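Peer 1: Residue numbers (the working numbering): 41 to 176. Don't be surprised by glycine CBs; every beta carbon is placed ideally from N, CA and C. Just so we're clear, the structure is a prediction, and the values are computed from it rather than from any experiment. The structure is given below, and queries will be raised subsequently.
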Amino acid sequence: TLATWNLASPQKMASSAMKSVLLLAMLLCTLAVAAASTAEASHILVKDEAKITELKEKITTAADTLATFKELAAEHSTCPSGKNGGSLGEFSPGQMVKEFNEVVFTTGKVGQVEGPVKTQFGYHLILITRRGDEKM
């Protein structure tokens with residue numbers, strides 16, 4: 041009945057709607073993070089900073105970045121992945137060392153040669169080929 045109608049109902053309804061909007065926003069953010077929960081990348085690893093800088097110059101000035109990256113990885117990388125053009129396959133956040141992980145999942149751009157990135161293993165050039173649904 042009208043006598044039992046709570047005058048605070050519009051505020052309660054607005055509060056409830058706001059909670060629903062916030063929950064939806066949180067869900068969408070969770071889905072976006074889940075979509076980017078894996079990545080694929082290739083890298084070139086060398087011990088010398090001057091050498092990695094020289095390799096980056098060759099790659100960034102090449103007509104075919106991906107082909108040149110793979111060729112130089114096979115020729116110069118000290119990582120066994122060099123035999124596969126530097127491909128590391130698919131991995132999730134936290135599987136790589138901190139500095140590498142940061143570039144692949146946070147600061148780096150898909151399709152762009154990133155680095156040099158210094159880690160305990162040496163100097164890397166990183167080519168992110170996929171992060172979540174974004175591919176090069």
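(1) If you drop the 5 nearest sequence neighbours on each side, which residues of the same chain put their C-beta closer than 6 Å to that of K110?
(2) Mind checking whether I92 and V153 have CB atoms under 8 Å apart?
(3) What distance in whole Å lies between the Cβ atoms of E80 and T169, which are believed to be in contact at a cut-off of 8 Å?
(4) Could you work out which residue in K158, L167, I166, V150 is closest to K175 when comparing CA atoms only?
(5) Just verifying my parser: in three-state terms, what is the DSSP assignment at F131?
(6) Only counting the same chain, and skipping five residues up and downstream in sequence, which positions put a Cβ closer than 7 Å to that of T159?
(7) Going by C-alpha to C-alpha distance, which of C119, S77, E89, A113 sits closest to P156?
(8) Give me the Cα-Cα distance between R171 and V144, rounded to the nearest whole angstrom.
(9) When you compare only the Cα positions, how much space is there between Q135 and H83?
(10) Once the 5 residues before and after S77 are set aside, which same chain residues still bring their CB inside 8 Å of it?
(11) Where in the stretch 82–164 do unbroken runs of the alpha helix (DSSP H), each at least 4 residues long, occur, reported from the N-terminal end onward?
Peer 2: If we stick to the structure as given:
(1) Residue mapping note: residue 110 aligns to position 70 of the sequence shown, counting from 1. Counting only Cβ-Cβ distances below 6 Å, and skipping sequence neighbours, we find G125.
(2) In the sequence shown, counting from the first residue as 1, residue 92 sits at position 52. In the sequence shown, counting from the first residue as 1, residue 153 sits at position 113. Taking 8 Å as the Cβ cut-off, I92 and V153 do not qualify as a contacting pair.
(3) On the sequence shown, position 129 is the one that residue 169 refers to. On the sequence shown, position 40 is the one that residue 80 refers to. At roughly 5 Å, the Cβ-Cβ gap stays under 8 Å, so T169 and E80 are in contact.
(4) Here the question's residue 175 lines up with position 135 in the sequence shown. Answer by Cα proximity: V150.
(5) Translated into the one-based positions of the sequence shown, residue 131 becomes position 91. It is a strand residue.
(6) Within the sequence shown, residue 159 is the residue found at index 119, counting from 1. Closer than 7 Å at Cβ, skipping near neighbours: V137, E139, F140.
(7) Your numbering for residue 156 matches position 116 in the sequence shown. The option with the nearest alpha carbon to P156 is E89.
(8) Working through the sequence shown from its first residue, we reach residue 171 at position 131. Working through the sequence shown from its first residue, we reach residue 144 at position 104. Roughly 8 Å between the two C-alpha positions.
(9) Here residue 135 refers to the residue found at position 95 of the sequence shown. Here residue 83 refers to the residue found at position 43 of the sequence shown. Using only the alpha carbons, I get a separation of about 15 Å.
(10) Your numbering for residue 77 matches position 37 in the sequence shown. Around S77: S132, P133, G172.
(11) 89–100, 105–116, 138–142
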